[in-house]
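Here the structure is laid out as structure tokens; the discussion comes afterwards.
Numbering (this note's numbering), first residue to last: 964 to 1060.
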């Protein structure tokens, strides 16, 4: 599946991650990574199917916490996410990003 990566720069605060998740609720999100580098800045990297990318980008730009959203087309094979440890699926124990 062809996908696109959206890099979102945000002002972190109470409920920021919840608003981000609610905004993306109706899109097929393949990966979501959220990191806070300082009290004034956070970054979210979202991987969605290429067909959903323009609509997801438009919706993310409307969030009050968002400073910038950039759309970076990525290859279908790998997602370039921030340096985060892989998580494990609770039922199968398989690693995922």
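No residue lacks a Cβ here, since even glycine has one placed at the ideal position from N, Cα and C.
Owing to the predicted nature of the structure, the values given are computational and were not obtained by experimental measurement.
- The continuous alpha helix (DSSP H) containing residue 1023 extends over residues 1016-1024.
- For the pair residue 1011 and residue 994, the Cα-to-Cα distance works out to about 7 Å.
- Per DSSP, residue 995 is one residue of the beta strand (DSSP E) stretching across 994-1001.
- Cβ atoms of residue 1009 and residue 971 come within 8 Å of each other, at about 7 Å.
- Within the DSSP bridge table, the entry for residue 990 names no partner.
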